[in-house]
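To get our numbering, take the position in the sequence shown, counting from 1, and add 4.
The structure under discussion appears below in the form of structure tokens.
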Amino acid sequence: MHIKELVLDDFKSFGRKTRIPFYEDFTTVSGPNGSGKSNIIDAVLFALGLARTSGIRAEKLTDLIYNPGHQDEAADVSGEREASVEVILDNADGTLSRSQVVTAAGTENVGDVDEISIRRRVKETDDNYYSYYYINGRSVNLSDIQDLLAQAGVTPEGYNVVMQGDVTEIINMTARARREIIDEIAGVAEFDQKKEAAFEELETVEERIEEAELRIEEKEDRLEELEDERETALEYRELRERKQKYESYRKAAELEDKRDELAAATDTVED
5 MHIKELVLDD FKSFGRKTRI PFYEDFTTVS GPNGSGKSNI IDAVLFALGL
55 ARTSGIRAEK LTDLIYNPGH QDEAADVSGE REASVEVILD NADGTLSRSQ
105 VVTAAGTENV GDVDEISIRR RVKETDDNYY SYYYINGRSV NLSDIQDLLA
155 QAGVTPEGYN VVMQGDVTEI INMTARARRE IIDEIAGVAE FDQKKEAAFE
205 ELETVEERIE EAELRIEEKE DRLEELEDER ETALEYRELR ERKQKYESYR
255 KAAELEDKRD ELAAATDTVE D
């Protein structure tokens, strides 16, 4: 995946709609100082949400809106001003799947994802200013764009864009810091993060397993107690039944004795 075209409209020094093509292998932009070369990079950072306002050499977003700087032209500017940048990405290699684009856009109606359009507008009114983001023409949030690009390895913390002074900064870094950059570019850092996250998740799972085993052990102990109680209850019921049977035998014997006594007494009276 690569940038196919950049469309700027009233962005910084570009006072009219300007289309800048990019090529897959190599594209250079040359020109004299002050001709707007750096503004092209700023436009990419602005549209893709890869830098804060200070990172694209502006104090506030409205500073990015084209300002002719001539008194006669400035007088014709109405209360509302607007600038926009559209980055058209060539996704013919399928770096981002349709489902990923659909998820980011929040709708199935995203068209052909062989090309992905990411557009940002900043609008100034008399009272305030507003910023809008779009994926293939669908209104989204900045986080939606960042999540989508992150799946293609493009992040604000990454080195997809190397700004002025970055090379010098990298040269002056320690060997370990440079190694971290190389790991990040090569995807090793992301792998390490996933590995660390996996180990943390494994540790959490192991803790839960230990807790479950403790609960099982407690249940087994309780089950043994219940089994003992059951045996005691069964023994008690058996003894109670035996007692009732013997008591019935005793009462029957006593009744028989009483009958014998009654018969003997009757015989005596008759004699």
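Each residue gets a CB set at the ideal place from its N, CA and C atoms; glycine is no exception.
Taking each of Glu210, Arg142, Ala96 and Lys16 in turn and checking the Cα distance to Ser42, the smallest one comes out for Lys16.
A direct Cα-Cα distance of roughly 11 Å separates Ala47 from Thr57. When the alpha-carbon of Arg125 is set against those of Tyr70, Thr178 and Ser101, the nearest one is in Tyr70. If you keep only unbroken beta strand (DSSP E) runs of at least 3 residues inside the segment 92-162, you get 119-128, 133-139 and 142-144. The beta carbon of Leu146 sits closer than 6 Å to the beta carbons of Gly53 and Tyr137 from its chain, once the five residues preceding and following it are set aside; these are given in chain order. Linking Glu63 to Ile92 through their CA atoms gives a straight-line distance of about 27 Å.
In the DSSP assignment, Asp170 falls within the alpha helix (DSSP H) that extends over Asp170 to Ile175. Less than 7 Å divides the Cβ of Leu68 from the Cβ of Ala87. Check the Cα spacing between Val114 and each of Gly98, Asn95, Asn140 and Asp97: the tightest is with Asn140. Residue range His6 to Asp13 is occupied by the beta strand (DSSP E) that includes Val11. With a threshold of 16 other beta carbon atoms within 10 Å, Leu49 meets it and is buried. Within the segment 26-89, the complete alpha helix (DSSP H) segments of 4 residues or longer fall at 41-52 and 75-78, listed in chain order. Here the alpha carbons of Ala179 and Ile186 stand approximately 11 Å from one another. Inclusion of Glu28 and Thr66 in the CB contact set at 7 Å is not warranted, their separation being larger than that value. The three-state secondary structure of Thr22, taken from DSSP, is strand. Thr178 sits in coil when the DSSP states are folded into three classes, being neither helix nor strand. Taken atom to atom, the span from the alpha-carbon of Val171 to that of Asp130 is near 41 Å. Comparing alpha carbon positions, the residue from Ala96, Phe195, Leu152 and Phe26 closest to Gly110 is Leu152. Straight through space, the alpha carbons of Leu10 and Glu90 are spaced by roughly 6 Å.
With fewer than 16 other Cβ atoms from the protein chains shown falling within 10 Å of its own Cβ, Ala201 counts as exposed. In this structure, the alpha-carbon of Glu265 lies about 53 Å from that of Glu229. In this structure Ser34 is exposed. Its beta-carbon is surrounded by fewer than 16 other beta-carbon atoms within 10 angstroms. In terms of CA proximity to Phe26, His6 leads the group Glu233, His6 and Asp118. Within the model, the alpha-carbon separation for Glu84 versus Tyr134 is close to 11 Å. Between Glu112 and Val105, the CB-CB gap reaches or exceeds 7 Å. Ser17 carries a coil assignment under DSSP once its states are collapsed to helix, strand and coil. By the neighbour-count criterion, in which 16 or more other beta carbons inside 10 Å mark a residue as buried, Arg123 falls on the buried side.
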